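What follows is a set of notes on a single structure, which appears directly below.
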Amino acid sequence: MKTANRHVWGMRQRVGLYAAPVLAFLVYANPFSGLPPAAHTLSAILVWVVVSWATEAIPLAVTSLIGAALCIAMGLGSAKDVLATFAHPIIFLFIGSFFLAEAFVVHGLDRRFAVWLLSRKRIMARPVLMFGAMGLATAFLSMWISNTAAVAIMVPIALGLLSTIRGVREEPGSHEPGVLLLLAYGSAAGGIATMIGTPPNLIGVGLLSQQAGISISFFDWMAIGLPLAGVLWLGIATVLFWLHPLPQTLPDPGGHLQNLPRQQGGWTRGQKNTCLALLLAVACWIGPGVLGIVLGRDADLVTFINARLPKEMVPIFAAGLLFVLPVDFKAGEFTLKWTQAANINWGTILLFGGGLTFGHLMVQTHLAEIIGETLVALFGSNTLWTLTAVAIGMALMITEVASNTASTSMLVPVVISIATAAEVSPVPPTLGICLGASLAFMMPVATAPNAIVYGTGFVPLPNMLRAGVLLNIIGAVLVWLTLRLMCPLMGFA
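In structure tokens, the structure reads:
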């Protein structure tokens, strides 16, 4: 099954490699009536970019760079103007957050938290609490580090525990697919809780700021994302434990879990420093929102803090501490080294920069406006909540076959343009795409966490498909209801 899966993806990449330039040439060679020359040229470039993104014919980040270069070569803007978006403030929020996450992993703070939670005696006493704690630990970690890293940390712990429970039996228990899927799906729920939890969140926020002039704070995002993440996680756990019932009792697994804290040892200086930097960042992100509730959003102190310490700069200051807080001052060792920091996912940053570039050019050439007006006429409805539902559905479909970052970069500029043409708020449909893009539950290739648990060999594809279909429907409904309730309360609709 795994061999066939790799074959399918190889075929998709080969098809995309040839289809992307052919389709782009056909679009360029056949101008659309009523489309300005610059918009027509951009549409041809975007066809190549979108097909390449969807098929991953070449690396996503490279597609973004080549696409931006083509825009310059075709006269859509100067190099200075086109490439300026690669230095958008939200890019620096990405970079600083990635530095913090890297320090989290380098010093084993993520694993320390997971081990601490799973070694609680009350949790070990009942299967539902034990496996639920694994899912919660993964979701919590995913709020601050990548979903992939969170699942990669928890899967070995889960496999060790499941092996201990299985004992001498060779066949896995019927509950094991549910436990492992809870880790993958739980990471998706945790990722939507904070603005930095997963790249689509930041992509949506950045494009809203760039194209619509609407700023969403870290606190605003958590006010919507955290309750949704909690309800979604409960729905995920309920469905998975219903499809894969847990055993009523377990053999004593205490030896396996009780040995883990001893293997951890005491808190290191690096772990303490990383905690300090992360807590400082969270306080600076959430603090202005709390002060806004107490003093009012227009209070002088709140305005001053937001102006001098915008959300994009918070992780830069916090991550900067990692390079000056010593682990061993005499030896010249600090919490984070540049060789470690250089390991962050620069490809995602370049992909996001490309998304901002194409979004900016779509507005500048009026292509976004034309697409928006066309789609509003096509759907026959321009109401805000119908558009939001359509946006969530589009994100769900595309994210199953393309990465969530690429899906968001493709769809957000379009829905912003549709909302603008329909004269409704672009915030709910944009957030609908960001949140919907995280609900890729059906296929192993949809997200790296899905691939990790599928790769263990304990999650048959039919089990993932069955659970994924149910959770996609539940997730889409929960996202729409949350946005319908919270956006008007927060003034975003």
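Residues 6 to 498, numbered by my numbering, are exactly what the sequence shown covers, in order. The beta carbon of each residue, even a glycine, is placed where N, CA and C say it ideally should be. The structure presented is a predicted model; accordingly, all values stated were derived computationally and were not measured.
7 angstroms Cβ shell around residue i - same chain, five flanking residues per side excluded
i                 : result
glutamine 209     : According to the sequence as given, residue 209 is glycine; it is not glutamine. Same-chain partners within the cutoff: Thr413, Val417, Thr435, Leu436, Ile438, Cys439.
alanine 157       : Ile457
isoleucine 241    : Leu187, Tyr190, Gly191, Ala194, Leu476
histidine 371     : Pro41, Ala44
alanine 424       : Leu392, Ser430, Pro431, Pro434
valine 173        : Residue confidence for valine 173 is low, a pLDDT of 42 falling below 50, so the modelled location carries little weight; the figure read from the coordinates is stated next. Same-chain partners within the cutoff: there are none.
leucine 470       : Met447
phenylalanine 497 : Ser430, Val432, Pro433
glutamine 18      : Thr60, Glu61, Ala62
leucine 389       : Val429, Ser430, Pro433, Ala498
alanine 217       : Ile421, Pro431
Beta-carbon contacts of residue i that lie in its chain and below 6 angstroms, excluding the five residues immediately before and after
i              : result
proline 94     : Glu317
isoleucine 478 : none
serine 499     : Nothing about residue 499 can be reported from this structure: the residues present for the chain run from 6 to 498 only.
leucine 285    : Ala323
asparagine 278 : Leu330, Thr340
glycine 196    : Ser147, Asn152, Gly202, Thr203, Ser443
First through last residue of the beta strand (DSSP E) which encompasses residue i
i          : result
valine 332 : 331 to 333
Range of the contiguous alpha helix (DSSP H) that encloses residue i
i              : result
proline 433    : 432 to 441
serine 48      : 42 to 60
methionine 399 : 389 to 404
glycine 473    : 466 to 494
glutamine 216  : Here glutamine 216 belongs to no alpha helix (DSSP H), and DSSP marks it neither H nor E.
aspartate 303  : No alpha helix (DSSP H) holds aspartate 303; DSSP gives it neither H nor E.
leucine 187    : 181 to 196
alanine 456    : 453 to 459
proline 204    : 204 to 212
Where residue i falls: helix, strand or coil (DSSP)
i                 : result
glutamate 428     : coil
alanine 339       : According to the sequence provided, residue 339 is phenylalanine. The question's alanine does not apply to it. Phenylalanine 339 falls in the strand class under three-state DSSP.
arginine 11       : Caution is warranted here: a pLDDT of 45 is assigned to arginine 11, below 50, making its placement in the model unreliable, and the coordinate value is therefore given only provisionally. Reduced to three states, the DSSP call for arginine 11 is helix.
methionine 6      : Residue placement at methionine 6 cannot be trusted, given a pLDDT of 33 that sits under 50; what the coordinates show is reported in the next sentence. Note: methionine 6 maps to coil in three-state DSSP.
histidine 365     : helix
glutamate 317     : coil
methionine 16     : helix
leucine 251       : coil
isoleucine 291    : helix
tryptophan 226    : helix
alanine 346       : helix
alanine 323       : helix
serine 412        : helix
methionine 159    : helix
proline 449       : coil
serine 147        : helix
arginine 174      : Unreliable placement is indicated for arginine 174, whose pLDDT of 48 sits below 50; the coordinate value is still reported in the next sentence. Arginine 174: coil per DSSP, three-state reduction.
tryptophan 272    : coil
arginine 131      : coil
glycine 39        : coil
phenylalanine 118 : helix
threonine 279     : helix
isoleucine 63     : coil
methionine 139    : helix
asparagine 152    : helix
isoleucine 201    : coil
phenylalanine 328 : coil
leucine 444       : coil
glycine 360       : helix
glycine 297       : helix
glycine 462       : coil
Residues near residue i by beta carbon distance below 8 angstroms, same chain, minus five either side
i              : result
arginine 289   : The sequence as given places cysteine at residue 289; arginine does not occur at that position. Result list for cysteine 289: Leu314, Val319, Phe322, Ala323, in chain order.
methionine 159 : Ala119, Met139, Ala142, Thr143, Leu146, Leu188
leucine 55     : Per the sequence shown, the amino acid found at residue 55 is valine instead of leucine. Result list for valine 55: Met415, in chain order.
tryptophan 226 : Thr199, Met200, Asn206, Val210
asparagine 348 : Glu107
glycine 21     : Val56, Ser57, Ala59, Thr60, Glu61, Ala62
isoleucine 310 : Gly292, Pro293, Leu296
valine 332     : Thr273, Arg274, Gly275, Asn278, Glu338, Phe339, Thr340
Any non-hydrogen atom of the ligand ADP closer than 7 angstroms to residue i Cβ
i           : result
glycine 202 : For the ligand ADP, the structure offers nothing, since it holds no ligand at all.
Closer than 8 angstroms to chain D by CB, residue i
i          : result
proline 26 : No chain D is part of this structure, which consists of one protein chain only.
> For the stretch 67 to 79 against the stretch 293 to 308, are there 3 or more C-beta pairs whose distance is under 8 angstroms?
Replying inline: Three or more Cβ pairs closer than 8 angstroms define a contact, and the stretch 67 to 79 falls short of that threshold against the stretch 293 to 308.
> Can at least three beta-carbon pairs, one atom from the stretch 134 to 153 and one from the stretch 100 to 109, be found at a separation below 8 angstroms?
Replying inline: Taking 8 angstroms as the limit for Cβ pairs, the verdict is that the stretch 100 to 109 does touch the stretch 134 to 153.
> Any contact of the stretch 62 to 69 with the stretch 346 to 356, i.e. 3+ C-beta pairs under 8 angstroms?
Replying inline: Judged by Cβ distances under 8 angstroms, the stretch 62 to 69 makes contact with the stretch 346 to 356, as three or more pairs qualify.
> Unbroken alpha helix (DSSP H) runs of length 4 or more, entirely within the stretch 65 to 112: which are they?
Replying inline: Segments of the alpha helix (DSSP H) lying fully in the stretch 65 to 112: 65 to 78, 84 to 88, 94 to 111.
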